[in-house]
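If you count the sequence shown from 1, position 191 lands on 191 in the UniProt record's numbering, and the numbers rise without skipping.
Glycine residues also receive a C-beta, built at the ideal position from the N, C-alpha and C atoms.
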Amino acid sequence: MYPVVPGHEIVGVVTDVGAGVKKFKAGDTVGVGYFVTSCRACECCGKGYENYCSRMVTTCNGVDHEHGGAVTQGGFSDVVVVDEYYVLRVPDGLPLDSAAPLLCAGVTVYSPMVQHGLNSPGKHLGVVGLGGLGHVAVKFGKAFGMRVTVISTSPGKRQEALEHLGADDFLVSRDPEQMASAAGTMDGIIDTVSAWHPITPLFSLMKPMGQIVFVGGPTRPLELPAYAIVPGGKGITGNCVGGIRDCQAMLDFAGEHGRHHRRGGADQDGLRQHGAGASREQRRPLPLRHRRRRQPRLDS
1 MYPVVPGHEI
11 VGVVTDVGAG
21 VKKFKAGDTV
31 GVGYFVTSCR
41 ACECCGKGYE
51 NYCSRMVTTC
61 NGVDHEHGGA
71 VTQGGFSDVV
81 VVDEYYVLRV
91 PDGLPLDSAA
101 PLLCAGVTVY
111 SPMVQHGLNS
121 PGKHLGVVGL
131 GGLGHVAVKF
141 GKAFGMRVTV
151 ISTSPGKRQE
161 ALEHLGADDF
171 LVSRDPEQMA
181 SAAGTMDGII
191 DTVSAWHPIT
201 PLFSLMKPMG
211 QIVFVGGPTR
221 PLELPAYAIV
231 PGGKGITGNC
241 VGGIRDCQAM
251 LDFAGEHGRH
261 HRRGGADQDG
271 LRQHGAGASR
281 EQRRPLPLRH
291 RRRRQPRLDS
């Protein structure tokens, strides 16, 4: 919808809170991710998967049918008002320009890795694609103590994957010999690619019972013959961001382990979002009000 104020990876400092707010106070460093409300009564919400609630409303360009069908406006603004339930605490050790992209890209890969057991030291993780999501998946995989192999169509990304991000191996997916050399070695794969690509060869890389998780969104249907998954009992699933609990756990983990990645340079250790403050002194204010199931709005 147009016009719209974008921005679904919001970080800042609380300037004010409503009388009913208990989790935060003025001066706290906080963030807001992909969504700003959900029903908080359905099975998904009860299990911590607010991101799959049928009444979930996205932070920007979402339609809140419960409040007149108003369109939500995002974080490319000076001030935003948000229900405290959907606000996340940013750890002291995590720079704001690193925390912001984790609120979408980070939890999109972190959540399925935890859900599917791809967070155990010694396990082998495959990461398909080395864009924004792929970078963060490699970082988290290494922070979990896993062996990480990047799979890409571009040989030119080998140096970035191995030397800058710390991946253990690199495979060119168009090279049959390289792919065959890693057959049956991976416990799971995170596929981050948003363009159409052949996926059948990826299943041969996994061990029996391995799981491949799609977090990209190719517009063309992907081809998947049954023989790729039936032998070995391999599985395929998808993931869209993560619930509030997973988002907070991811931020805490990133703050503790220092696994933040900045867009804008592979030689930097963390993800820089355009417009994000470069220091704590440059943070934008983010006031909170206690507004249960009310549409967040922007103060102008």
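Reference residue i, options the options, closest by Cα
i, options, result
"Ser111", "Val87, Phe144 and Gly129", "Phe144"
"Ile229", "Met206, Val109, Gly243 and Gln115", "Met206"
"Lys22", "Gly7, Glu84 and Thr58", "Glu84"
"Gly216", "Phe203, Val241, Thr200 and Gly210", "Val241"
"Val213", "Cys44, Gly134, Pro101 and Gly69", "Gly134"
"Gly243", "Leu202, Thr58 and Ser98", "Thr58"
"Met1", "Met186, Gly166 and Gly69", "Gly69"
"Thr108", "Val136, Glu50, His67 and Pro218", "Val136"
"Gly156", "Thr237, Gly131, Gly238 and Gln73", "Gly131"
"Trp196", "Ala182, Glu223 and Leu94", "Glu223"
"Pro221", "Leu102, Pro198, Glu163 and Ser173", "Pro198"
"Phe140", "Ala105, Tyr227 and Arg174", "Ala105"
"Gly184", "Thr149, Ala167 and Gln159", "Thr149"
"Gly235", "His67, His116, Ser54 and Val71", "His116"
"Gly122", "Val82, Glu160, Leu162 and Asp168", "Asp168"
"Ser154", "Glu163, Met146, Ala180 and Asp175", "Asp175"
"Arg245", "Met146, Leu88, Val82 and His67", "Leu88"
"Pro3", "Ala249, Lys47, Val71 and Val36", "Val71"
For residue i, three-class secondary structure by DSSP
i, result
"Ser194", "coil"
"Ser154", "coil"
"Thr149", "strand"
"Ile244", "helix"
"His8", "coil"
"His124", "strand"
"Thr237", "strand"
"Met1", "coil"
"Phe81", "Inspection of the sequence shows that residue 81 is occupied by Val rather than by Phe. Here Val81 sits in strand by DSSP."
"Phe24", "coil"
"Leu102", "helix"
"Val172", "strand"
"Pro208", "strand"
"Leu88", "strand"
"Gly232", "coil"
"Asp16", "coil"
"Val136", "helix"
"Val114", "helix"
"Val215", "coil"
"Gly188", "strand"
"Leu165", "coil"
"Gly255", "helix"
"Glu223", "coil"
"Ala249", "helix"
"Phe203", "helix"
"Gly93", "coil"
"Gly131", "coil"
"Ala143", "helix"
"Ala180", "helix"
Cβ pair residue i, residue j closer than 9 Å
i, j, result
"Val80", "Val32", "yes"
"Gly75", "Val5", "yes"
"Gly126", "Met186", "yes"
"Tyr49", "His8", "no"
"Thr15", "Leu96", "no"
"Val138", "Leu165", "yes"
"Cys53", "Gln73", "no"
Close Cβ partners of residue i (< 7 Å) along its chain, the five nearest in sequence each way excluded
i, result
"Asn119", "Met113 and Phe144"
"His257", "Ala143"
"Ser194", "Gly216, Gly217 and Pro218"
"Glu43", "none"
"Gly233", "Pro208 and Met209"
Beta-carbon proximity list for residue i, same chain, < 8 Å, skipping 5 on both sides
i, result
"Ile189", "Leu125, Gly126, Val127, Val128, Ile151, Leu202, Leu205, Met206, Gly210, Gln211, Ile212 and Val213"
"Val90", "Val11, Thr29, Val30, Gly31, Leu96, Ala99, Leu251 and Gly255"
"Thr200", "Glu223, Leu224, Pro225 and Ala228"
"Lys25", "Val14 and Val17"
Beta-carbon proximity list for residue i, same chain, < 6 Å, skipping 5 on both sides
i, result
"Gly265", "Residue placement at Gly265 is poorly supported in this model, since its pLDDT is 42, which falls under 50; the coordinates still yield a value, given next. If we look at Gly265 and ignore the five residues flanking it on each side, it has no Cβ neighbours."
"Ser173", "Ile151 and Thr153"
"Thr237", "Val213"
CB contact check: residue i to chain B, cutoff 9 Å
i, result
"His257", "Among the chains in the structure shown there is no chain B, since it carries only a single protein chain."
**OP:** Let me know the beta strand (DSSP E) ranges lying completely inside the region 26 to 77, each 3 residues or longer, listed in chain order.
**Re:** The region 26 to 77 contains, as complete beta strand (DSSP E) runs of 3+ residues, the segments 29 to 32 and 35 to 37 (chain order).
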